[in-house]
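In what follows, a single structure is set out as structure tokens and then discussed.
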Amino acid sequence: CDIIRACLDNKKDLLKKYNFVADFTKVDITAGGSLPQPPRKGLIHDLYIDPEDGAKWKPWTERIMGFDVPKDAQYHTIIVPTSDTARNQFLIRTLIERGFNFLISGQTGTAKTASIQGALLNGFSPDLFTSISFAFSAQTTANQTQDVIDGKLDKRKKGTFGPPPGKKMLVFIDDVNMPFKEEYGAQPPIEILRQMFIQTPFGFGWYDRKGWEFRQLIDMHMLCAMCPPGAGKNDITDRYSRHFNLVFVTAFDEESLSRIFTTVVSKFLSVMSRDVAGNASSAVSATLEVYSTVLKDLLPTPAKSHYTFNMRDVSKVFQGICQCTRESLPKIDDLCKVWLHECERVFKDRLTTKQDMNWFFGLTKRQMDKHFKKAYDQVVKLEPVIFADFVDPKSTSYMEVPDHEKLTSKINECL
262 CDIIRACLDN KKDLLKKYNF VADFTKVDIT AGGSLPQPPR KGLIHDLYID PEDGAKWKPW
322 TERIMGFDVP KDAQYHTIIV PTSDTARNQF LIRTLIERGF NFLISGQTGT AKTASIQGAL
382 LNGFSPDLFT SISFAFSAQT TANQTQDVID GKLDKRKKGT FGPPPGKKML VFIDDVNMPF
442 KEEYGAQPPI EILRQMFIQT PFGFGWYDRK GWEFRQLIDM HMLCAMCPPG AGKNDITDRY
502 SRHFNLVFVT AFDEESLSRI FTTVVSKFLS VMSRDVAGNA SSAVSATLEV YSTVLKDLLP
562 TPAKSHYTFN MRDVSKVFQG ICQCTRESLP KIDDLCKVWL HECERVFKDR LTTKQDMNWF
622 FGLTKRQMDK HFKKAYDQVV KLEPVIFADF VDPKSTSYME VPDHEKLTSK INECL
């Protein structure tokens, strides 16, 4: 950000200090006036220039309209807008509308897919754009990839295919670096996609596998999402990635995470008693602190290579809490117990040593006392705390199981 500020201020000495190769020339605005100076504090990436308000620098949060969770929305369908998703979607719209392809990369749980899907749903006019979305897996083949795309295209004229006249096709591929590499290091699904960008005497496209006629593809743009290479994810060839504008997204900051999960959890707990509903923010802050502590202290080792945690684990904790009904959470103590159960189900069940389990047990006890103002010994009367929705034949509510022998009998019966 200091570099960008130096460019805007035309500080030649600072640019020389950082050994800049390019030379920046100040250009006057043709309509008159001047670009307002950027704020001296914070990151420039957290701000945008509003052309409708005197080109003022404003935070991305001002682009977020009022958000209400739909009444009957399921947990996994809710996407809460944040400054990060607003910024990502702005970049997607800007690049695609100007004819560029878009590739977004980042760690699991950074809303890569949600940003693109949100842009496809709300960012483009359905009168001008149509879209197709699918995901790659390790076993995806080149033939499958070609068939999926060909099946969505219309014939414009002999040998030419594309979206309906007057529209552009947006092709979104999630987990684009997942396909397994073949013997010589190539990924066939990516190689067939790369042919869409190669200029041939017949245009851009590929050959039909039946009649071996060239299929020219027009009015199409690519959007892709991927995780960084590693942990089963491959790197992709530079001959493919060079056709994209790459945007790397970082993990959400604490403020954004708190806003996302507080919005969702508050909606589901709003039907509970006042005490339970009023502690939605406590459940969120306690879970985020557990997650950040686990992320810092339970690092993966050769013997514990599966000690990898991400934001999807946090989301699973809240998904379990949001399954509860007014019947299963009559008091604040019950909220504490379901929070404890979900944290143990998501985090503790992955631990392999008694020492790590005891450490995590102590962590949850401290967080319960800190955020819920409840002592573990006063809340938990039966160990371990287990919640289920299949033990009581008279109820399908996700609630605590008070009789472990009955639970064992029910499980044996199901087996």
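In this text, residue positions in the sequence shown follow the numbering used here: the first is 262, and each later residue adds one.
The beta carbon of each residue, even a glycine, is placed where N, CA and C say it ideally should be.
Beta-bridge pairing of residue i - partner residues as DSSP gives them
| i | result |
| --- | --- |
| Met660 | Ala649 |
| Asn362 | Phe505 |
| Leu484 | Phe363, Phe433 |
| Val510 | Gly367 |
| Lys494 | Gly491 |
| Trp467 | Arg476 |
| Thr355 | Looking at the DSSP assignment, Thr355 forms no beta bridge with any residue, so it has no partner. |
Same chain, Cβ closer than 8 Å to residue i, five either side skipped, listed in chain order
| i | result |
| --- | --- |
| Leu549 | Glu515, Leu518, Ser519, Phe522, Val575 |
| Phe422 | Asp411, Leu414, Asp415, Lys416, Gly466, Arg476, Gln477, Leu478, Ile479 |
| Pro561 | His567, Tyr568, Thr569 |
| Val409 | Ile393, Phe395 |
| Glu474 | Gly420, Tyr468 |
Same chain, Cβ closer than 7 Å to residue i, five either side skipped, listed in chain order
| i | result |
| --- | --- |
| Asp617 | Leu559 |
| Leu596 | Val537, Asn540, Ala544, Leu590 |
| His602 | Val646, Ile647, Phe648 |
| Lys384 | According to the sequence shown, residue 384 is Gly rather than Lys. Counting only Cβ-Cβ distances below 7 Å, and skipping sequence neighbours, we find Gln350, Ile353, Arg354. |
| Thr322 | Ser344 |
| Lys609 | Met618, Phe621 |
| Trp318 | Pro297, Pro299, Pro300, Leu308, Ile310 |
| Ala375 | Ile340, Thr346 |
| Thr657 | Asp650 |
Among the options, nearest to residue i - alpha-carbon criterion
| i | options | result |
| --- | --- | --- |
| Gln400 | Met572, Glu323, Met430, Asn438 | Asn438 |
| Ser542 | Glu443, Lys631, Glu605, Met483 | Lys631 |
| Val532 | Ile459, Ile453, Glu474, Arg587 | Arg587 |
| Cys585 | Gln407, Phe608, Lys609, Ala649 | Ala649 |
| His306 | Val341, His337, Thr346 | Thr346 |
| Glu605 | Phe622, Asp594, Lys592 | Phe622 |
| Lys634 | Asp311, Ala547, Thr391, Gly427 | Ala547 |
| Ala564 | Thr614, Gln580, Phe570 | Thr614 |
| Phe328 | Val341, Pro320, Lys319, Tyr336 | Val341 |
| Thr402 | Val662, Lys419, Ile453, Pro300 | Ile453 |
| Lys494 | Val526, Cys675, Pro440, Tyr336 | Pro440 |
| His337 | Asp594, Phe579, Lys592 | Phe579 |
| Pro425 | Pro387, Ile451, Asp408, Ile434 | Pro387 |
| Leu530 | Ile593, Asp653, Ser553, Lys428 | Ile593 |
| Asp469 | Thr406, Ser502, Asp436, Leu676 | Thr406 |
| Met660 | Val607, Lys598, Gly472 | Lys598 |
| Ala316 | Gln298, Pro331, Lys302, Asp610 | Gln298 |
| Cys488 | Arg455, Lys471, Phe397 | Phe397 |
| Thr371 | Lys528, Arg324, Asn571, Gly581 | Asn571 |
| Trp600 | Leu643, Gln628, Pro654, Leu308 | Gln628 |
| Lys442 | Ser534, Gly472, Asp496 | Asp496 |
| Ala512 | Arg573, Met326, Arg455, Arg535 | Arg573 |
| Pro449 | Gly360, Asn404, Asp314, Leu389 | Asn404 |
| Pro490 | Arg455, Gly581, Asp436 | Asp436 |
Cβ separation of residue i and residue j, assumed to be a contact under 8 Å, to the nearest whole Å
| i | j | result |
| --- | --- | --- |
| Phe465 | Met457 | 6 Å |
| Lys373 | Ala486 | 4 Å |
| Leu556 | His482 | About 36 Å; that fails the 8 Å criterion. |
| Val510 | Gly367 | 4 Å |
| Lys671 | Val652 | 5 Å |
| Val551 | Leu624 | 6 Å |
| Leu507 | Ile377 | Wrong, their Cβ atoms sit about 14 Å apart, outside the cutoff. |
| Ile459 | Tyr501 | That belief does not hold up - the Cβ atoms of Ile459 and Tyr501 are roughly 11 Å apart, past 8 Å. |
| Lys428 | Thr391 | 5 Å |
| Thr524 | Val662 | Actually they are not in contact, since the Cβ atoms of Thr524 and Val662 sit about 30 Å apart, beyond 8 Å. |
| Leu308 | Pro320 | 6 Å |
| Phe433 | Leu389 | Not quite, the Cβ-Cβ distance comes to about 16 Å (not below 8 Å), so this is no contact. |
Segment limits, beta strand (DSSP E) that includes residue i
| i | result |
| --- | --- |
| Lys565 | Taken as a continuous stretch (DSSP letters only), Lys565 belongs to no beta strand (DSSP E), as it is neither H nor E. |
| Pro320 | 317-320 |
| Leu414 | From DSSP, Leu414 is part of no beta strand (DSSP E); its letter is neither H nor E. |
| Asp595 | Premise fails: Asp595 lies in the alpha helix (DSSP H), 593-607, not in any beta strand (DSSP E). |
| Thr421 | 421-423 |
| Phe522 | Unbroken run through Phe522 is the alpha helix (DSSP H), 515-530; no beta strand (DSSP E). |
| Asp311 | 308-311 |
| Phe390 | 390-396 |
Opening and closing residue of the alpha helix (DSSP H) in which residue i lies
| i | result |
| --- | --- |
| Arg476 | Segment 475-478 is the beta strand (DSSP E) holding Arg476; no alpha helix (DSSP H) there. |
| Tyr552 | 541-558 |
| Gly446 | No alpha helix (DSSP H) holds Gly446; DSSP gives it neither H nor E. |
| Asn619 | 615-628 |
| Ser376 | 373-383 |
| Gly460 | What sits at residue 460 in the sequence shown is Gln, not Gly. Premise fails: Gln460 is in no alpha helix (DSSP H) and is neither H nor E. |
| Ala689 | Residue 689 lies beyond the stretch modelled for the chain, which goes from 262 to 676, so this question has no answer here. |
| Thr669 | 665-675 |
| Asp333 | Segment: none, Asp333 is in no alpha helix (DSSP H) and carries neither H nor E. |
Contacting residues, own chain, Cβ-Cβ under 6 Å from residue i (five flanking each side not counted)
| i | result |
| --- | --- |
| Leu364 | Cys485, Phe505, Leu507 |
| Cys583 | Tyr336, Phe529 |
Beta carbon proximity, residue i to chain B, threshold 8 Å
| i | result |
| --- | --- |
| Leu478 | Judged by its chain identifiers, the structure shown contains no chain B, having just a single protein chain. |
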